[in-house]
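These protein sequence lines map, in sequence, to chains L and S.
First residue of the first sequence: 1, per the numbering used here; consecutive thereafter.
First residue of the second sequence: 160, per the numbering used here; consecutive thereafter.
Protein chains: 2
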Amino acid sequence: MERKSFSDMSCSVAQCLEVVGEWWSMLIIRDAFMGVTRFDDFQRRLGISRNILQHRLVSLVDAGVLQKVAYSERPLRHEYRLTEKGIDLWPVLTAMRQWGDRHAAPDGPPVEVVHKDCGQAAVGRLVCEHCGRPMGARSVRAVPGPGYRAGRTPLEAVH
Amino acid sequence: MERKSFSDMSCSVAQCLEVVGEWWSMLIIRDAFMGVTRFDDFQRRLGISRNILQHRLVSLVDAGVLQKVAYSERPLRHEYRLTEKGIDLWPVLTAMRQWGDRHAAPDGPPVEVVHKDCGQAAVGRLVCEHCGRPMGARSVRAVPGPGYRAGRTPLEAVH
DNA sequence: TAGAGTAGGTTTCATGAGCGAACTGACTGC
DNA sequence: GCAGTCAGTTCGCTCATGAAACCTACTCTA
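Okay, here's the thing in structure tokens:
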């Protein structure tokens, strides 16, 4: 059976997963953030099969997350670079990394992130854009937005 | 061939994906945040096959993200609730939702989140825990952390 | 006391996605 | 002319995914 698509779900989480929810996709994006751009470099670093890598790169390019740019004419060679849409995935990647650091890294984080502004190896925290106070699962509630379509009932968040 | 596991990668993103990277897992967790706890409710809301749902619930319970709690003895009935480890996935979910809202919701967000502290339908923003200033892909650089193991070379973030 | 309904699964089986490995084609450098 | 690099493509296998049917244990209604 074909893998079911999330694209007709009226939910932004599902739309995001439709683009980056495939096995390997987020790791390709992670490596792209680390500066990897070439097919063989992705393949070597990830240990992914070449055909799967090819599929993923094509679908990420189709989704507008990566762009394929020629860096040599003869021979014709391309590299894959994050678009702005791809760079906007940074908070997703960061949230995943921080969750992994906290719950699946007994020896401490394998990679730390230094904030250039203050020079500290720091953790990102989610705050409300409006009031600047912390925004956690228990401090919000979900309501239907302008793009809401029937069939999906937002409930109270976490009880 | 068996789907390759990410568990031996020295990377917290990979560890996170190992737990929630399967097709459907994040949507199950999203619904759990919306207050869904029962097998049949998950099944109906997601339109997922019952066997796949069963697999996912078992692996999320095994991973410690959900817990199975009896809410009735006769007949024996269980419900699935987020653990603290599961609730810690909120930033991941929020980042995905916000990315989807921005890049895949032409009619506006299907669901908005109201911050109880200020009453506004607000967006979460990632700031440095240390200095409080915004933390984006371009304002950080990756360095090896205490849990670093060879074979993985952190590079500069985004060029 | 029979029959319908509900909750939470389990089984079955066809399909297709993911896998490694080998191969291809276009080029460069020696 | 031969080795090496880069970016794929092809091949054949296996396992995960999917829908639908089935199962178990209990409750509710008549």
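Where is the CB? At the ideal position from N, CA and C, for every residue including glycine.
A quick note: this is a predicted structure, and the numbers were derived from the prediction, not measured.
- DSSP places LEU241(S) in the strand class (E or B) of the three-state scheme.
- In this structure, GLY306(S) keeps its C-beta atom at 9 Å or more from the C-beta atom of PRO134(L).
- Here the stretch 167-183 of chain S lies against the stretch 97-116 of chain L, with 3 or more beta-carbon pairs under 8 Å apart.
- For LYS244(S), the chain L residues whose Cβ falls inside 9 Å of its Cβ are TRP99, ARG102 and HIS103, in order along the chain.
- Where GLN98(L) is concerned, there is no enclosing beta strand (DSSP E), although the alpha helix (DSSP H) around it starts and stops at 90-103.
- Between ALA280(S) and VAL286(S), the CB-CB gap reaches or exceeds 9 Å.
- Taking TRP249(S) as reference, the option from PHE192(S), THR196(S), PHE198(S) and VAL178(S) with the minimal CA-CA separation is PHE192(S).
- Just so you know, the alpha carbons of ARG81(L) and GLN67(L) end up roughly 5 Å apart.
- Taking 9 Å as the CB threshold, SER72(L) stays off the interface with chain S.
- Secondary structure of GLN120(L) (DSSP, three-state): coil.
- The continuous alpha helix (DSSP H) containing ARG203(S) extends over residues 198-205.
- Any Cβ of chain L closer than 9 Å to the Cβ of LYS227(S) would place that residue at the interface, and such an atom is absent.
- Identification of chain S residues near ARG3(L) by a Cβ-Cβ cut-off of 9 Å yields TRP182, ordered along the chain.
- For VAL58(L), none of the residues of chain S pass the 7 Å Cβ criterion, the least Cβ distance being about 19 Å.
- ALA14(L) carries a helical assignment under DSSP once its states are collapsed to helix, strand and coil.
- Residues of chain L with a Cβ closer than 8 Å to the Cβ of GLU238(S) do not exist; the shortest Cβ-Cβ separation is about 11 Å.
- Look at VAL19(L): its C-beta is under 9 Å from a C-beta on chain S.
- Counting along the chain, LEU66(L) sits inside the beta strand (DSSP E) bounded by residues 66-72.
- Against chain L, a Cβ distance below 8 Å from HIS274(S) picks out CYS128, HIS130, CYS131, ARG133, MET135, SER139 and VAL140.
- Annotated as proximal: ILE188(S) and LEU219(S), with beta-carbon spacing under 9 Å.
- When rounded, the separation of the alpha-carbon atoms in SER10(L) and VAL65(L) is 21 Å.
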